[in-house]
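Q: Pasting a structure here, questions to come.
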Amino acid sequence: MTATFLPPPPEPAFSTAKRLEVYEQMLSDLENQAAYQQEAIAFHTQSLESIKAESEITAQELESCRGIIKSLKASTTIAQAVEARGNEGHSQEEEETKAPANSQPESKAKAKSKPAASKSKSKSSRKTSVNPTAPKTELKAISSEPTEAKSKTKSEVKTVAKPVSTLPASEVIDKFESITAMVLDFVKKQEGVISVIDLIKYAYPKGLKTEAETKKVSSSFSSVLINQTKKGILERTVPGKYMWAKIIL
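Sequential numbering from 0 applies to the sequence shown in numbering that gives the first Met the number 0.
Right, dumping it as structure tokens:
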């Protein structure tokens, strides 16, 4: 009887060390993927906030544009009404010129009598305004009135206070006479396209504390940009983006 030899049992495809190596590589790949996804979430969250801020600005500009169109339509209607009245007045003047010639001498006589009366009034007023027999002290008092008025106007100009800003405290804004001056100075120095977010970062480099403050500052800066665009100082390139419209000397 011959002995039969059985084949050896099959060896596992991967040893424990090899399996550990594979799973460690898988763990590293998953960690890298998770880190990338977190960065993507942060980036898109910031982009979403930026888009939200720009959408609020666009909504304000939309309302402003509608108001301008409404005002222009109203002024056009008024101009047409004034033009129609002017045409009616012109036709009335033509009818008056066709009136009988007898009425012309009377109007000329009245016109001649009016200058004479006005001349007599002006002469009498001049005589009564300055009395030659009045003492010199009275004349000095009269002549000193304009200088006193000038001194008052100068003192009033000097006492004009800087407008108080209702925005959160900012060392950058405090350097300027107004928020408008700060915005125009920033846009001029950039020599390119800027947005409200750029202005907020410039005026508040450390950021704002609450979302309410951010909205308040954003609304204030946006209104300044819109008003200066209406005046032709700034130019809007796309919604929410502005640049200097004048040549900088």
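Using N, Cα and C, we set each Cβ at its ideal position, and we do this for glycine too. Here the structure is a predicted model, which is why all the values come from computation and not from measurement.
With DSSP as the reference, label K51 as helix, strand or coil.
A: Start at 1 with the first residue of the sequence shown, and residue 51 comes out as number 52. Note: K51 maps to helix in three-state DSSP.
Q: Using a 10 Å radius around the Cβ and a threshold of 16 neighbouring Cβ atoms, would you call L224 buried or exposed?
A: Residue numbering aside, residue 224 sits at position 225 when the sequence shown is read from its first letter. With 16 or more other Cβ atoms within 10 Å, it is buried.
Q: Give me the Cα-Cα distance between I232 and S54, rounded to the nearest whole angstrom.
A: Walking along the sequence shown from the start, residue 232 turns up at place 233. Walking along the sequence shown from the start, residue 54 turns up at place 55. About 23 Å.
Q: Just curious, the beta strand (DSSP E) that K208 is in, first and last residue?
A: For the purposes of this step, residue 208 is taken as the residue at position 209 of the sequence shown. Where K208 is concerned, there is no enclosing beta strand (DSSP E), given that its DSSP letter is neither H nor E.
Q: Keeping to the same chain, check which residues put their C-beta closer than 8 Å to that of R18; ignore five residues upstream and five downstream.
A: Position 19 of the sequence shown, counting from 1, holds the residue named residue 18. Correct list: empty, nothing qualifies.
Q: Report all residues from its chain with a CB closer than 8 Å to the CB of V182; omit the five preceding and five following residues, and keep chain order.
A: The sequence position of residue 182 within the sequence shown is 183, counting from 1. So the list reads L198, F220, V223, L224, Q227, once near-sequence residues are dropped.
Q: For K215, which residues from the same chain have a beta carbon less than 7 Å from its beta carbon, with the 5 sequence-adjacent residues on both sides left out?
A: What you label residue 215 is simply residue 216 of the sequence shown in a count that begins at 1. Excluding positions up to five away in sequence, the list reads L166.
Q: From the DSSP output, which residues share a beta bridge with L233?
A: Along the sequence shown, one-based indexing puts residue 233 at 234. DSSP, once it has assigned bridges, lists W243 as partnering L233.
Q: Considering only DSSP beta bridges, list what I193 is partnered with.
A: Within the sequence shown, the letter at position 194 stands for residue 193. Looking at the DSSP assignment, I193 forms a beta bridge with Y241.
Q: What residue does the alpha helix (DSSP H) around E170 start on, and which one ends it?
A: Mapped onto the sequence shown, residue 170 falls at position 171. Counting along the chain, the alpha helix (DSSP H) containing E170 begins and ends at 170 to 173.
Q: Thinking just about the alpha-carbon of each residue, which of E62, A83, V171, K200 is nearest to the one in S217?
A: As a position in the sequence shown, residue 217 is number 218, starting the count at 1. Out of E62, A83, V171, K200, K200 has the C-alpha closest to the C-alpha of S217.
Q: By the three-class DSSP mapping on this structure, what secondary structure does E30 have?
A: Mapped onto the sequence shown, residue 30 falls at position 31. E30 falls in the helix class under three-state DSSP.
Q: Taking all protein chains shown into account, decide if I56 is buried (16 or more other Cβ within 10 angstroms of its Cβ) or exposed.
A: Here residue 56 refers to the residue found at position 57 when the sequence shown is read from its first residue. Answer is buried; the Cβ neighbour count reaches 16.
Q: Exposed or buried, Y203, counting other C-beta atoms within 10 Å across all chains shown (16 or more means buried)?
A: Along the sequence shown, one-based indexing puts residue 203 at 204. Buried.
Q: What does a CB cutoff of less than 6 Å around E234 pick up in its chain, not counting 5 residues either side in sequence?
A: Within the sequence shown, residue 234 is the residue found at index 235, counting from 1. Contacts found: M242, A244.
Q: Taking the alpha carbon of T213 as the reference point, which residue from I77, K51, Q37 has its own alpha carbon closest?
A: As a working mapping, residue 213 is identified with position 214 in the sequence shown. The shortest C-alpha separation from T213 is found at K51.
Q: By a C-beta neighbour count over all protein chains shown, 10 Å radius and 16 as the cutoff for buried, is I68 buried or exposed?
A: Stepping through the sequence shown from its first residue, residue 68 is reached at position 69. I68 is exposed by the Cβ-count criterion.
Q: Let's test the definition: count the other Cβ atoms within 10 Å of the Cβ of V186 and tell me whether it reaches 16, buried, or not, exposed.
A: For this step, residue 186 is matched to residue 187 along the sequence shown. Label assigned to V186: buried.
Q: Alpha carbon to alpha carbon, how far is I77 from R84? Give it in angstroms, no decimals.
A: Counting from 1 along the sequence shown, the entry for residue 84 is found at position 85. Counting from 1 along the sequence shown, the entry for residue 77 is found at position 78. Each residue's alpha carbon lies about 11 Å from the other.
Q: Compute the beta-carbon to beta-carbon distance between T236 and V192, rounded to the nearest angstrom, for a pair I have assumed lies under 8 Å.
A: As a working note, residue 236 is residue 237 in the sequence shown. As a working note, residue 192 is residue 193 in the sequence shown. Right, the Cβ-Cβ distance comes to about 6 Å (below 8 Å), so this counts as a contact.
Q: Any idea what DSSP makes of S14, helix, strand or coil?
A: The residue given as residue 14 occupies position 15 in the sequence shown. Coil.
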